[in-house]
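> My questions will all concern the structure given below.
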Amino acid sequence: MRNICMVGTGYVGLVSGACLADFGNKVICVDIDEERIDMIKRGVMPIYEPGLKEIVERNQVAGRLEFTTDVESAVRKSQVIFSAVGTPQGEDGSADLSAVFNVAEDVAKYIEEYKIFVQKSTVPVGTSEKVGEIIRNNLVADVEFDRVSNPEFLREGSAIEDFLRPNRVVIGVETERAKEIMREIYRPLYLLETPIVFTKIKTAELIKYASNAFLATKISFINEIADLCEVVGADVDEVAVAMGLDKRIGPKFLHAGVGYGGSCLPKDVSAILHTARKENVELKIINAAFEVNKARLERLHEKLRSALGELKGRVVAVLGLSFKPNTDDLREAPAIKFIMKLLDEGASVNTYDPVAMKNAKGILGERVSFLDNSYDAADGADALVIMTEWNEFRVLDLERIKKLLKQPVLIDCRNIYKPSEVKKLGFKYQSFGRMPD
Ligand SMILES: NC(=O)c1ccc[n+]([C@@H]2O[C@H](COP(=O)([O-])OP(=O)(O)OC[C@H]3O[C@@H](n4cnc5c(N)ncnc54)[C@H](O)[C@@H]3O)[C@@H](O)[C@H]2O)c1
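Sequence positions in the sequence shown follow our numbering and run 22 to 458.
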């Protein structure tokens with residue numbers, strides 16, 4: 022058992038903090054956002070994540086998990102300081118590291134005995150070195166500290182399960198002392214025979230970007246195959262399933278559609294490309310994955326325009342706002358970009374999402390009609406577009422939907438429905454990489 026401080030209580034910090042407490046460690050989660058910390062203390066989770074509330078409550082009750090805005094006392098009481106603050110995309114495509122560096126400066130002032138500083142945020146190669154310098158320059162006592170890189174691979178929507186049963190844990194370390202403490206923190210996973218990859222800090226930093234860039238490449242790859250399928254009359258879903266049965270390829274991240282979004286892949290792809298440009302290295306494949314993804318929303322617009330013609334004055338019903346099911350995260354969500362483009366072109370938008378509407382209202386405001394369910398969204402619309410594969414969108418009463426729509430136009434960006442069945446109901450149906458019937 023170790024005393025841990027988790028600086029940054031967002032998606033990663035809150036989940037990691039709660040799960041590390043579940044492993045038996047004593048964890049204090051810190052955030053500068055007072056409202057967020059107050060909410061959690063009142064038992065209200067600031068994000069939608071299945072199973073989060075239960076694991077937070079269980080560990081609070083057991084006395085292993087606390088929340089505070091007081092970074093000083095949290096750092097003083099802890100031997101291991103994790104940093105899980107955001108690293109959003111900067112204007113030039115690089116990762117914005119201002120929060121990461123602020124945390125290092127802040128924390129350093131309270132290090133008066135040996136501590137480990139663990140970077141959990143996704144940060145470009147070499148960041149740990151810079152963070153080490155900042156800490157050294159701001160120490161008030163002559164003490165030793167170790168740096169560790171422990172990138173996080175959890176997926177929103179299944180974050181708890183991913184943290185408790187990961188495919189692997191990556192730990193970049195420089196000293197045996199830090200290695201042993203990190204091993205102890207992750208001991209329950211070690212007992213479950215989870216591969217724990219100990220490596221150099223720079224290698225750990227790059228593993229995270231290489232992994233996300235590879236996943237993005239898989240998505241862009243299948244999207245290009247989808248475009249080819251549409252032209253030659255093949256079915257991308259069957260292509261993907263058969264490809265995925267090859268263990269060297271695997272079935273995940275081979276779903277054709279509107280491309281990747283979310284809080285990680287877009288910014289991490291941009292950041293690794295930025296790093297490479299800075300180092301005069303050309304990453305041709307990752308660059309192509311980026312370019313292919315950028316063009317995906319235009320493919321959706323083409324499909325909508327081919328069904329409706331001019332979009333000005335049309336009403337489009339959009340189902341699903343979050344970038345994937347089981348989360349309310351709207352960062353880089355294709356649905357939001359799509360809606361903004363529809364509005365720019367003079368269309369009106371009705372929308373419904375099971376959990377992300379509150380966040381979406383903050384972004385889209387009055388310009389969009391937020392409805393209580395899929396049927397109200399479809400009522401009077403010229404087309405229905407399914408953007409996110411929430412379970413409830415997989416079982417829509419399509420006959421009812423057809424009656425509610427002004428025109429029976431259905432665009433299925435997640436290939437949920439079978440073209441032949443939907444067509445039989447009289448829909449003008451389009452999906453990605455499949456022929457209409
Ligand atoms: N979200 C994911 O699915 C995911 C998965 C793997 C890795 N990551 C990486 O983890 C990092 C965090 O991502 P996130 O999605 O949890 O971000 P987030 O924006 O949800 O959370 C960041 C939190 O840090 C807080 N914060 C900022 N500056 C602070 C400071 N100085 N002191 C204390 N708190 C501070 C913010 O108030 C916020 O609550 C990023 O680098 C991201 O790339 C995210």
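Ideal Cβ positions, reconstructed from N, Cα and C, are used throughout, including at glycine.
Mind checking whether alanine 292 and glycine 29 have CB atoms under 8 Å apart?
Taking 8 Å as the Cβ cut-off, alanine 292 and glycine 29 do not qualify as a contacting pair.
> Helix, strand or coil, according to DSSP, for alanine 368 in the structure here?
Three-state DSSP puts alanine 368 in coil, outside helix and strand.
> Compare the Cα-Cα distances from leucine 160 to each of Ala129, Val190, Pro145, Thr143 and report the closest residue.
Considering only alpha carbons, the answer is Ala129.
> Going by CA-CA distance only, name the one from Val313, Ala263, Leu286 that's closest to glutamine 110.
The option with the nearest alpha carbon to glutamine 110 is Leu286.
> Would you say the beta carbon of valine 106 comes nearer than 7 Å to a heavy atom of ligand 1?
Checking every heavy atom of ligand 1 against the Cβ of valine 106, one is found closer than 7 Å.
> Leaving aside the five residues before and after glutamine 428 along the sequence, list all residues of the same chain whose C-beta is less than 6 Å from its C-beta, in chain order.
Hits under 6 Å: Asp403.
> May I ask which residues mark the beginning and end of the beta strand (DSSP E) holding phenylalanine 103?
Element bounds for phenylalanine 103: 101 to 104.
> For valine 252, count neighbouring Cβ atoms within 10 angstroms of its own Cβ and tell me buried if that reaches 16, exposed if not.
Answer is exposed; the Cβ neighbour count stays below 16.
> Do we get a CB-CB distance below 8 Å when we pair arginine 23 with the residues of chain C?
Protein chains in the displayed structure number just one, and chain C is not present.
> If you count every other CB in all the chains shown that lies within 10 Å of the CB of glutamate 214, and 16 or more means buried, which is it?
Exposed: under 16 other Cβ atoms inside 10 Å.
> For phenylalanine 219 and tyrosine 135, what's the separation of their Cα atoms in angstroms?
About 21 Å.
> Here's the rule: buried if 16 or more other CB atoms are within 10 angstroms of the residue's CB, otherwise exposed. What is leucine 86?
By the 10 Å Cβ count, leucine 86 comes out buried.
> Output the distance between the C-alpha atoms of valine 164 and isoleucine 132, rounded to the nearest integer angstrom.
The straight-line gap from Cα to Cα measures roughly 8 Å.
> By the 10 Å Cβ neighbour count, where 16 or more other Cβ atoms means buried, how is leucine 351 classified, buried or exposed?
Its Cβ being crowded by 16 or more others within 10 Å, leucine 351 is buried.
> Mind checking which residues open and close the alpha helix (DSSP H) that includes methionine 264?
257 to 265 is the span of the alpha helix (DSSP H), which, as asked, contains methionine 264.
> What beta strand (DSSP E) runs, 3 residues minimum, are completely inside the region 116 to 178?
Correct list: 136 to 140, 166 to 170.
> Assuming leucine 318 contacts lysine 358 under a Cβ cut-off of 8 Å, what Cβ separation, rounded to an integer in Å, is found between them?
Confirmed, about 6 Å.
> Would you say phenylalanine 88 touches ligand 1, meaning its beta carbon is less than 7 Å from a heavy atom?
The answer is no for phenylalanine 88.
> Between the region 92 to 103 and the region 149 to 160, do three or more beta carbon pairs fall short of 8 Å?
Because the criterion of three Cβ pairs below 8 Å is not met, the region 92 to 103 and the region 149 to 160 do not touch.
> Specify, as a first and last residue, the run of the beta strand (DSSP E) that lysine 449 falls within.
It spans 449 to 451 - the beta strand (DSSP E) in which lysine 449 sits, taken as one unbroken run.
> DSSP beta-bridge partners for cysteine 50?
Note: cysteine 50 sits in a beta bridge opposite Met27, Phe88.
> What residue range is occupied by the uninterrupted beta strand (DSSP E) comprising threonine 215?
Run containing threonine 215: none; DSSP gives neither H nor E here.
> Quick check on glutamate 331: buried or exposed, where buried means 16 or more other Cβ atoms within 10 Å of its Cβ?
Counting Cβ neighbours within 10 Å, glutamate 331 comes out exposed, since fewer than 16 surround it.
> Output the residue ranges of the alpha helix (DSSP H) runs that lie fully inside the region 232 to 315 and measure 4 residues or longer, sorted by chain position.
You should have 257 to 265, 286 to 299, 305 to 315.
> Quick check on the burial criterion: 16 or more other C-beta atoms within 10 angstroms. Buried or exposed for threonine 372?
Under this definition threonine 372 is a buried residue.
> Please look up how many angstroms separate the CB atoms of phenylalanine 184 and valine 36, rounded, as I've assumed it's under 8 Å.
Sure, about 6 Å apart at Cβ, within 8 Å.
> Based on the DSSP output, what are the partners of tyrosine 32 in its beta bridges?
DSSP, once it has assigned bridges, lists no residue as partnering tyrosine 32.
> From arginine 204 to lysine 223, what distance separates their C-alpha atoms?
Approximately 19 Å between the Cα atoms of the pair.
> Return helix, strand or coil for tyrosine 373, following the three-state DSSP convention.
In the structure shown, tyrosine 373 sits in a strand (DSSP, three-state: E or B).
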